[in-house]
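In what follows, a structure is listed as structure tokens, so that the remarks can point back to it.
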Amino acid sequence: MTSLTRALFWHAPTTQRVPRRHLHRYPTRCYLISTLLPDKEDQLVAPLAIDTAILDVDGTLIDSNYHHALAWSRAFDRFDYRVPLWRIHRTIGMGGDKLVTAVAGEDAESRDGDALRDAWTEEYDAIISEVAAFDGATELMAALRDRGITVVLASSGIPQHTENALKLLDDGEHLDASTTSEDAEESKPDPELLDKALEKAGGFNAIVIGDSVWDMKAAKQREIPAVALLCGGFGRDELLEAGAAVVLDDPRALLKDLGPVLGDLG
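Taking the working numbering, the leading residue of the sequence shown gets 703, the next gets one more, and so forth.
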């Protein structure tokens with residue numbers, strides 16, 4: 703047995719021997735020791751430790767979902783679209799390129815989509831000084847890095863808003879990489895942004911931490927385990943239905959249970 707094989711046995715007590723014909727049943731986040739034992743009919747399968755945490759920003763690390771909803775409401779009002787605020791909140795976390803159609807219809811998007819997005823930016827910028835980080839957000843990021851986990855942000859927000867968020871999060875001191883809406887052609891719930899985040903992080907086995915059903919749906923499409931936080935305003939049941947493996951209140955609650963959560967998902 704090679705040193706790497708011994709290491710995998712040591713660090714992954716759930717290592718098991720699997721017939722070669724059944725390897726397709728195992729997720730990509732399992733390490734197959736096929737190159738170490740190329741002549742064996744049975745192969746060893748060991749779960750990889752979590753090496754990357756992909757975090758959403760709005761509603762997850764900073765308390766901004768309702769500010770975004772209000773800004774969108776005021777933007778729609780400018781163009782005489784009467785959209786209930788609660789309906790707008792239901793779409794926060796979805797990319798702005800999809801939000802207009804989702805709440806006001808395809809005609810609104812084709813007529814005024816870009817103008818509405820410009821108005822939303824102006825309205826959000828007017829209240830952005832009121833936004834604050836959630837309690838425990840920076841400590842959570844630091845705790846993840848202390849465990850050797852790469853921390854990367856995956857936000858559907860525009861770059862200038864992500865930059866402001868970083869200022870609230872100790873200027874990104876506990877961050878390894880970040881992505882914004884400009885890094886992907888498709889926004890959430892499409893998983894492309896998660897792909898870009900994982901690519902930037904250089905990781906293999908990730909978890910997603912988010913607050914919206916859009917985060918959960920994106921993670922589910924990539925079979926990445928996801929932790930959902932209730933602080934963005936979405937409900938426990940809908941987050942679980944969308945694919946969340948764990949649902950907790952906020953960053954502080956996740957920080958408190960970080961060890962067990964990582965153990966369960968790793």
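Here a beta-carbon is modelled for each residue, glycine too, at the ideal position from N, C-alpha and C. On a predicted model such as this, the values are computed, not experimentally measured, just so you know.
Below 8 Å, enough C-beta pairs join the stretch 793-808 and the stretch 817-830 to call them touching: three or more. Inter-residue distance for GLU894 and GLU832 is about 31 Å (C-alpha atoms, whole angstroms). Contact annotation: ILE851 and ILE926 have beta-carbon atoms that are not nearer than 8 Å. Shown here, ALA886 sits in coil according to DSSP, grouped into three states, outside any helix or strand.
Boundaries of the alpha helix (DSSP H) harbouring GLY965: 960-967, taken from the DSSP string. Judged by beta-carbon spacing, LEU941 lies within the 8 Å limit of MET918, meaning their Cβ atoms are closer than that value. Unbroken beta strand (DSSP E) runs of no fewer than 3 residues, entirely contained in the stretch 802-870, are found at 852-856, following chain order.
A straight-line Cα-Cα distance of about 11 Å links GLY968 and ALA928. For VAL949, the uninterrupted beta strand (DSSP E) segment begins and ends at 948-950. For ILE911, the enclosing beta strand (DSSP E) starts and ends at 908-912.
Taking 8 Å as the upper bound for CB-CB distance, ALA773 and ILE829 are in contact here, some 7 Å apart. Looking at ASN767, ALA755, THR754, the one whose alpha-carbon comes closest to that of ALA867 is ASN767. Of the candidates HIS770, LEU956, ALA777, the residue whose Cα lies closest to the Cα of GLY815 is ALA777. MET796 has ILE794 as its beta-bridge partners, per DSSP. If you draw a straight line from the Cα of GLY904 to the Cα of LEU846, it is about 16 Å long. Between HIS863 and THR840, the C-beta gap is not smaller than 8 Å, which leaves the two residues out of contact. In the three-state reduction of the DSSP assignment, ASP753 falls in the coil class. Nearest Cα to GLY795 within the set ASP779, ARG924, GLY935, PRO953: GLY935.
Our two residues, THR754 and PHE781, have alpha carbons roughly 42 Å apart in a direct line. Non-local C-beta neighbours of GLY797 in its own chain, meaning closer than 7 Å and more than five positions away in sequence, comprise SER858, SER883, SER889, LYS890, ordered along the chain. Annotation: ASP848 to TRP788 spans about 39 Å, alpha carbon to alpha carbon.
For SER880, the enclosing beta strand (DSSP E) begins and ends at 879-881.
By the CB criterion at 8 Å, PHE836 and ASP779 fall outside the cutoff.
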